[in-house]
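First comes the structure, then the notes that go with it.
2 protein chains.
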Amino acid sequence: MDQLAQEGITRRIVASIKAQIHDGAYGPGDRLPSTRALAAEWGVSRTTVTAAYGQLIAEGYLETHQGARAIVAAGIRDPAPQAPAAAAAPPRLSAFGRRILDLPAGTGEEPGRIADFRYGDLSAADFPALAWRRAIGAASLRRSGRLRYGEPQGASALRLALQGYLWRARGIRCGPDQIVVVNGSQQGLDLCARLLLDPGDRFVIENPGYALARRALLAAGGEAVPTPVDGEGMRVDALPDARLAYVTPSHQFPLGSVLSASRRRALLAWAARTGATVIEDDYDGEYRYDIAPIPPLQTLGPEQVIYVGTVSKTLSPTLRLGYLVVPEAFCRPFAEAKRLTDRHTSLPEQEALADLLASGAYERHVRTTRRRNGERRAALLAALAADCAGAVTVAGAEAGLHLVAWLDRVAAGREGAVIAAARAAGVGTYPIAPLYDPAGPRPPMAGLVLGYAGLDAGAIRRGVQVLGQMLAGFPAP
Amino acid sequence: MDQLAQEGITRRIVASIKAQIHDGAYGPGDRLPSTRALAAEWGVSRTTVTAAYGQLIAEGYLETHQGARAIVAAGIRDPAPQAPAAAAAPPRLSAFGRRILDLPAGTGEEPGRIADFRYGDLSAADFPALAWRRAIGAASLRRSGRLRYGEPQGASALRLALQGYLWRARGIRCGPDQIVVVNGSQQGLDLCARLLLDPGDRFVIENPGYALARRALLAAGGEAVPTPVDGEGMRVDALPDARLAYVTPSHQFPLGSVLSASRRRALLAWAARTGATVIEDDYDGEYRYDIAPIPPLQTLGPEQVIYVGTVSKTLSPTLRLGYLVVPEAFCRPFAEAKRLTDRHTSLPEQEALADLLASGAYERHVRTTRRRNGERRAALLAALAADCAGAVTVAGAEAGLHLVAWLDRVAAGREGAVIAAARAAGVGTYPIAPLYDPAGPRPPMAGLVLGYAGLDAGAIRRGVQVLGQMLAGFPAP
């Protein structure tokens, strides 16, 4: 290439990067591609790219420090919002779209710096990173010939492996056709909502209960029938006609009670009588400490129950892998709905999970995390007994990865103030208020949902100590 | 453990495996877990498990060959269906559920053994397996501290990387908040259907057009307004009032025309006038051969257009990764809908794609696959000219990964017979009939959609040769 042509290309690269900076594609502090990558992208030599970067540094668009990659200079203007706010007219949305905007949005707060008891987080140290990487690698090596869309209900290797696992771990007997692999339990709940509820249909739901299940069912246009929970799980003595009931029978979320045997029978009898479907969310069925394992509802009423399982509490919530066990009659509608929703769940991840299940590595891993979470739980209970004695009553610690701490001396109306004070002291805790139906009654004292699976024992102890000091100094009502 | 206790455990393991075989959790030929895995699962020695396996082999439940793992004996009965067919009453479904059962189901035929021209398949040899495994590994190593749910609209690293990519590759200028990461374009289309359509709302769609887009919009209760396609793309001269229009302007699916500049302007003017939203499916925008790149519709009407992109044609359809660019006003509804649908797309896969984009590896890879698919396309065009001369008219080969072969001497009504004859001869081809609205007109001759991205040049040539011979011998109408 002659000198003139090279200068022309350098100028074009310079102009292109300036335009990207002006358009906000690169903001102040953003790293630019390496000279090697940009040279490959433009099909030019690295010398040409180095010249272009040199020009941009000279003009003040870029900065570079000690051989590191060039970054956009701090003085360059921030990315401009694409459309002025005035132009953003309220969009015309479907009834579904309008309903979801009316629902309360999730909170996105930063974790507390001393300890954060956010429920749903796991410790990254517990993730079987090596085994997972190997299984993902093996899945991609095995693939030969063609890359093609998979079956909507899930890879057959995974459904077969889950069939065996569900039998061994939970006593569920089902055919692989009854298993639908989904992107975590949330997608399973959303598919249930879409396939079972029409706008105006009633659904029974535990009160307090899991907020994102409630929201998915409300988004489908369902009308909630919030149903109280006591020490034996959801009360089933006065269930109305409804299309479905959502329950967490193994470990009620958030209060932790186990649905009693007589209520299980009554719930299934109600479903059989009224034609309702029971959604059994077994969100943390792998974690039990002081209680014997209880067979899922599904084993008592396979025609009435859709069982929802997930690896979000055993492997990672970041993976988005879950599974449904549906009655025979629901196999086709769920498969077709999954196909139209997103064709199928990521195949490499499905195959990696199938490998871990088939080799026994998954069950070994579950035993390990059960032991570790048992230790975390013991540390939390000990710390609460030592540092919050008299201020806190614990509920629901027999199973799962969280417990509820009722603050006996703090009125319900001050729950938000306690949480703000804890957060100011560096400890993240989470309110029980949003888990109650806003129209119904709730206990008179404040309550905290404390998840412990993301913390080590030291952080748990430090966090509870701060909490205890804060509660001791918290002004009486 | 004393002998008696050990025998008791052996008996329980034997009984458990027998029950799993009888219940169909293990079928004939299935491998059992290794003795090591099962020993870990039961918390016993491998000797105990070996004794249990020995007993099951002796009783004829299991077989073993040359030190390989035990498998279930061939003579053991097949897994029984879980519920007798009589018990499976028709389920009570929502209107959505009833609509999807009325839609035509996808076909799941085996690939032709000589060549299979299924559209959507990619060659596994094109996948950047090493780079992808490295990026997945790097993502899992980077993760420290906590595993927690991500942002519903996608990881910010990926949205920033996509912002730059969309600018460089497609000239799209948008803020990262306008990008929503989805599980492939199908989830993007389904979210559009749910958020924009109420039952009874009309939607404009190309005829012929992409079947799974049509089905997702019909499943939401929309009423299709099939709109004819000619050499300039979809006709826009008589669009009715509608809530949305679905178009493939860069390379009409399946006919391959490019939406002309004047029609682009007219379509956007219609959308602005009526308040409709245009869904631009840029499903194969990376593949262009003889034509200059055409900027997406989105660049002309960012307030009217939802842009849909995917990596299903560049990396793999098995990954389920795609993205939307939505108008500012739609950011919140799409993020909330994605949260309720499945919280977010798999984070490790999002981060791996972000890495490939940021390093320039993705764009290098796209250049490679564009060259390889250009070679496949040239092989297919040359083979059709040589072996099907006079029998076939090719359409839509200027871009993308497929073309349409019109069979000039075969009537439309015999399309199915031609495809069956080709399949019998070992070549998989796919009909154009299902892509036309069943109520509307279609061309009088049979047509085949031939995808070539999953085949090597040799298979393409062999497949076309078989096709040519078959067509030459196909009885005249």
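Just so you know, the protein sequences line up as chains W and G, in that order.
Going by this note's numbering, the first sequence runs without a break in its numbering and finishes at 1769.
Going by this note's numbering, the second sequence runs without a break in its numbering and finishes at 1769.
No residue lacks a Cβ here, since even glycine has one placed at the ideal position from N, Cα and C.
For G/Glu1402 and G/Lys1310, what's the separation of their Cα atoms in angstroms? 34 Å
With 16 other CB atoms within 10 Å as the buried threshold, where does G/Thr1660 fall? exposed
For W/Gly1601, would you say it is in contact with chain G, using Cβ-to-Cβ distances shorter than 7 Å as the test? No, no contact with chain G.
With a threshold of 16 other CB atoms inside 10 Å of the CB of W/Thr1339, please say whether the residue is buried or exposed. exposed
Tell me whether G/Asn1499 sits in a helix, a strand or coil according to DSSP, three-state version. Looking at G/Asn1499 - three-state DSSP - the assignment turns out to be strand.
Beta-ladder partner(s) of W/Met1526, from DSSP: W/Val1521
Just how far apart, CA to CA, sit G/Leu1695 and G/Arg1556? 23 Å
Secondary structure at G/Ile1586, three-state DSSP: helix, strand or coil? coil
Inter-residue spacing [alpha-carbon to alpha-carbon] between G/Gly1743 and G/Ala1416: 15 Å
At 4 residues or longer, and completely inside the stretch 1306-1340 of chain W: list those alpha helix (DSSP H) runs for me, N to C. 1327-1334
CB contact below 7 Å: G/Ala1563 versus chain W: no
Interface flag, G/Ile1392 vs chain W, CB-CB below 7 Å: yes
Looking only at its own chain, which residues have a Cβ that is under 7 Å from the Cβ of W/Gln1374, when we skip the five neighbours before and after it? The predicted position of W/Gln1374 is uncertain, since its pLDDT is 40 and thus under 50; no value can be drawn from it.
Specify the secondary structure class of W/Gly1442 as computed by DSSP and reduced to three states. coil
Taking 7 Å as the threshold (beta carbon to beta carbon), is G/Val1618 in contact with chain W? no
Does W/Pro1609 have its Cβ less than 7 Å from a Cβ in chain G? At a cut-off of 7 Å, the C-beta of W/Pro1609 has a neighbouring C-beta in chain G.
Locate the alpha helix (DSSP H) running through G/Thr1602, then write down its first and last residues. No alpha helix (DSSP H) holds G/Thr1602; the beta strand (DSSP E) holding it covers 1597-1602.
Tell me the rounded alpha-carbon separation between W/Gly1442 and G/Leu1699. 30 Å
Which same chain residues end up closer than 7 Å to W/Pro1376 when comparing Cβ atoms and leaving out the 5 residues on each side of it in sequence? The predicted model places W/Pro1376 with a pLDDT of 39, which falls under 50 and marks its position as unreliable, so this point remains unresolved.
Should W/Gln1761 be flagged as near chain G, meaning a C-beta pair shorter than 7 Å? W/Gln1761 is outside the set of residues whose beta carbon lies under 7 Å from a beta carbon in chain G.
So is W/Thr1633 in contact with chain G if we call contact Cβ pairs under 7 Å? Closer than 7 Å: yes.
Three-pair Cβ contact test at 8 Å for the stretch 1449-1458 of chain W versus the stretch 1620-1633 of chain G: no
Who are the Cβ neighbours of W/Ala1366 in its own chain at under 8 Å, not counting the five residues just before and after it? Pro1320, Gly1321, Glu1355
Spatial neighbours of G/Asp1533 within its chain, please: C-beta separation below 6 Å, excluding the five flanking residues on both sides. These residues qualify, in order along the chain: Thr1566.
Once DSSP output is grouped into helix, strand and coil, what is the label at W/Val1658? Three-state result, W/Val1658: helix.
May I have the straight-line CA-CA distance separating W/Asp1408 from G/Tyr1318, to the nearest angstrom? Each residue's Cα considered, the two are about 43 Å apart.
Which class does W/Pro1282 belong to by DSSP, given the choice of helix, strand or coil? What the structure shows of chain W is the stretch from 1293 to 1769, and residue 1282 of chain W is not part of that stretch, so it cannot be assessed.
Looking at C-beta atoms only, is the number of pairs between the stretch 1604-1616 of chain G and the stretch 1463-1476 of chain G that lie closer than 8 Å three or more? yes
Length of the line joining the Cα atoms of W/Tyr1722 and W/Gly1688: 15 Å
For a contact defined as C-beta to C-beta under 9 Å, what are the partners of W/Arg1405 on chain G? Within chain G, no residue comes near W/Arg1405; the closest Cβ sits about 12 Å away, beyond 9 Å.
In terms of residue numbering, what span does the alpha helix (DSSP H) encompassing G/Tyr1457 cover? 1448-1462
For chain G, find out if any of its Cβ atoms is closer than 7 Å to the Cβ of W/Glu1690; answer yes or no. Under the 7 Å criterion on CB atoms, W/Glu1690 is classed as non-interfacial with respect to chain G.
Quick one, are the C-beta atoms of G/Pro1468 and G/Leu1483 less than 7 Å apart? no
Run through chain W and tell me which residues come within less than 8 Å of G/Asp1315, C-beta to C-beta. Trp1459, Arg1465
Assigned exposure category for W/Arg1304 - 16 Cβ within 10 Å defines buried: exposed
If you draw a straight line from the C-alpha of G/Phe1622 to the C-alpha of G/Arg1328, how long is it? Those two C-alpha atoms are separated by around 54 Å.
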